[in-house]
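Novice: One structure, as C-alpha cells, below. Some questions next.
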Amino acid sequence: MRDERHPLLPWVMWGLGAAFYCYGFFQRVAPSVMVADLMRDFAVGATITGMLSALYFYTYAGLQVPVGLLLDRWGSRRLLAVAAALAALGSALFATAPGLWPAYLGRLLIGAGAAVTWVGTLNLVAAWFPPKRFAMLSGLTLAMGMAGAIGGQAPLAAAVSAIGWRGTMWAAAAAALVLAAAIWLLVRDRREGGRQPEARPAEAGRGLLAGLRAVLANPQTWFVGIYGAMLTAPMLSFGGLWGVPYMMARYGLERPAAALSMSTMMVGWALGAPVAGWFTDHIGRRRLPMLVNSTTALVLMVALLYLPGLSLPVVHVLLFATGLFSGGMVLCFATAREHNPAWASGATLGVVNMTVMSTGAIFQPLIGWVLDRRWDGAMENGARAYSTDAYAAALIVLPACLLVGLLSATMVRETYCRPQH
Numbered sequence: 242m243r244d245e246r247h248p249l250l251p252w253v254m255w256g257l258g259a260a261f262y263c264y265g266f267f268q269r270v271a272p273s274v275m276v277a278d279l280m281r282d283f284a285v286g287a288t289i290t291g292m293l294s295a296l297y298f299y300t301y302a303g304l305q306v307p308v309g310l311l312l313d314r315w316g317s318r319r320l321l322a323v324a325a326a327l328a329a330l331g332s333a334l335f336a337t338a339p340g341l342w343p344a345y346l347g348r349l350l351i352g353a354g355a356a357v358t359w360v361g362t363l364n365l366v367a368a369w370f371p372p373k374r375f376a377m378l379s380g381l382t383l384a385m386g387m388a389g390a391i392g393g394q395a396p397l398a399a400a401v402s403a404i405g406w407r408g409t410m411w412a413a414a415a416a417a418l419v420l421a422a423a424i425w426l427l428v429r430d431r432r433e434g435g436r437q438p439e440a441r442p443a444e445a446g447r448g449l450l451a452g453l454r455a456v457l458a459n460p461q462t463w464f465v466g467i468y469g470a471m472l473t474a475p476m477l478s479f480g481g482l483w484g485v486p487y488m489m490a491r492y493g494l495e496r497p498a499a500a501l502s503m504s505t506m507m508v509g510w511a512l513g514a515p516v517a518g519w520f521t522d523h524i525g526r527r528r529l530p531m532l533v534n535s536t537t538a539l540v541l542m543v544a545l546l547y548l549p550g551l552s553l554p555v556v557h558v559l560l561f562a563t564g565l566f567s568g569g570m571v572l573c574f575a576t577a578r579e580h581n582p583a584w585a586s587g588a589t590l591g592v593v594n595m596t597v598m599s600t601g602a603i604f605q606p607l608i609g610w611v612l613d614r615r616w617d618g619a620m621e622n623g624a625r626a627y628s629t630d631a632y633a634a635a636l637i638v639l640p641a642c643l644l645v646g647l648l649s650a651t652m653v654r655e656t657y658c659r660p661q662h
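The sequence shown begins at 242 in the numbering used here and counts up by one.
Here it is in C-alpha cells:
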C-alpha cells in the first residue's frame, strides 16, 4: 500500500468504501424478508413494522449534512471506519432485542453507521480519480449497493429460514467489524501529494457552514435532489420492504420465491445506475436522460402495480425494467456537484443524499399505515395478512412519487457535464 503510484490503488480505495456501501444496502432491505417474523416476534402490525424498518432512514438521512461537513474537514478513512463499528454495534443490538425499544435503537445505530457510506465513498472517488469519471463511478458504487440489496433478498431469505433473523443479524455484525478493521488499516484519504478539493482563495476560508449555505441557497440543488428522491422512493419502499409481502399476497409465492422476484428489480438498478452515469458522460448531457428515466419508470411502475392478469415472467420483466430506469437517479449526484462550488462538495453530496434517503423514512411507514387501515382482520402464521386491494391502495404513492420526479427534472438546468462555478 506504500506505492501511491500503483494504478490499482484508487480502485482499492474505492472498493473498500463501496464494500461498506454494499453492506449498508444489505441492511437497508433486510427487513423485507423478515416482515412476518418481525410482526410475529414483536406482536405488531404493518405500521410499526414499517416504522421499525424506516428508523434506519431517520438517522441515515438526518446525518447526511453533518457527514458531508465532517468529510470536508476530516476525510473518509476515520469516519468510514468508526461508522462500520457503529453499524456492527447496531446489528448486535437488533439481533438480541427482547422488545421493540432495543430493536428501534439497533436500527437507528445501523442507519447512523450506514450514513457515511455513500458520501464517504464518493469523497474517495473525488480524491483518487479524475473528475470525468465521477458519474460513472457513482453508478458503479450504486451497483455495489444493489449487489448488497440482492444479497438482502433471496440469499437472506434462505438464511433467515435456516438460522432465523436473529442469527443473520449476528453474522451482519461480524461482517461490519471486519469492514471497520480493513478500512482503518488500508484506506487513505488521498494520494501522497495528491490534489486537494478545488477552491478559490477567497472561498476556501469561508468554513463548513458557508458551504452548506451555498448549497441550500441554490434552487438547482433542490430540483436535482427531488428528482433523485422520487426515483429512489419505489426502490426503498417497495424493493426495500413491502415488495416481498406484496408478491406473496398477489401471486401466492413463498417467501424465498418472492424475494427472488424482487431481486430482479435490484439487478435492474445495478445495471441502470452505471450505464446512466457512463451514457450521460459520453453524450455530455444530464437533463434529457433524467427526463427519459423518470418518464419511463413512471409508466413501468403503473403497469407493474395496476395492469390485471400479468404473468410472473412479465412481472419480472417489469420489475427489472423499473429498476433499470430508476437507477438513473444516480445522475442527481453528479448534476448537483456541477451546479455547486467544488469547495462545498461534501455539503452538496450530504444535502442531496439526505433528500434522496428521506423517502425511505417517509414512505415505508406511510404504506404500512395505509395497509393497517385497509386490513380485513386476516391472520397467517401469527402475523397480519393484507389483501391485494389493500396493497393497491397503499402503493399508489409510488407512481405519484415518480410523477413528482418527472416534474422536478423539467426544472433542472443542463450542465453539459461541466462545473457551473
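The beta-carbon is built from N, C-alpha and C at its ideal position, and this holds for glycine as well. These figures come from a predicted structure and were not determined experimentally.
1. Give the secondary structure of M242 by DSSP, where H, G and I count as helix, E and B as strand, and everything else as coil.
2. Mapping DSSP to helix, strand and coil, what is R454?
3. Please report the straight-line C-alpha distance between A498 and V485, rounded to a whole angstrom.
4. Taking 6 Å as the limit between beta carbons, can you name the residues of its chain near Y487, skipping five residues before and five after?
5. Let me know the secondary structure DSSP gives A356 once reduced to three states.
6. Cβ atoms of A650 and Y468: under 8 Å apart, would you say?
7. Rounded to a whole number of angstroms, what is the C-alpha to C-alpha distance between G258 and V360?
8. Quick one: Cα of S502 to Cα of G480, how far?
9. Starting from Y297, follow the alpha helix (DSSP H) in both directions and report where the run begins and ends.
10. G183 lies in the alpha helix (DSSP H); which residues open and close that run?
11. Would you call E579 buried or exposed, if buried means 16 or more other Cβ atoms sit within 10 Å of its Cβ?
12. Should the region 367-386 be regarded as contacting the region 322-335, the criterion being three or more beta carbon pairs within less than 8 Å?
13. Determine the burial state of G340: buried for a count of at least 16 other Cβ atoms within 10 Å of its Cβ, exposed for fewer.
14. Can you confirm whether the region 519-528 touches the region 415-425 when touching is taken to mean that 3 or more C-beta pairs between the two stretches lie within less than 8 Å?
15. Given a cut-off of 8 Å, decide if T563 and M506 are closer than it, judged by their beta-carbon atoms.
16. On the three-state DSSP scale, how would you describe A626?
17. Three or more C-beta pairs closer than 8 Å, one from the region 527-543 and one from the region 379-398: is that the case here?
18. Can you find the residues in the same chain that come closer than 7 Å, C-beta to C-beta, to F464, ignoring five residues on each side of it along the sequence?
19. Is it true that the CB of G452 sits closer than 8 Å to the CB of A577?
Specialist: Looking at the coordinates:
1. For M242, the pLDDT reaches just 46, beneath the cut-off of 50, and the residue's location in the model is therefore unreliable, although a value from the coordinates is still provided. If DSSP states are grouped into helix, strand and coil, M242 belongs with coil.
2. helix
3. 9 Å
4. Y632
5. coil
6. yes
7. 10 Å
8. 10 Å
9. 287-303
10. The shown model of the chain, from 242 to 662, leaves out residue 183, and the question about it has no answer.
11. buried
12. no
13. exposed
14. no
15. yes
16. coil
17. no
18. S649, M652, V653
19. no
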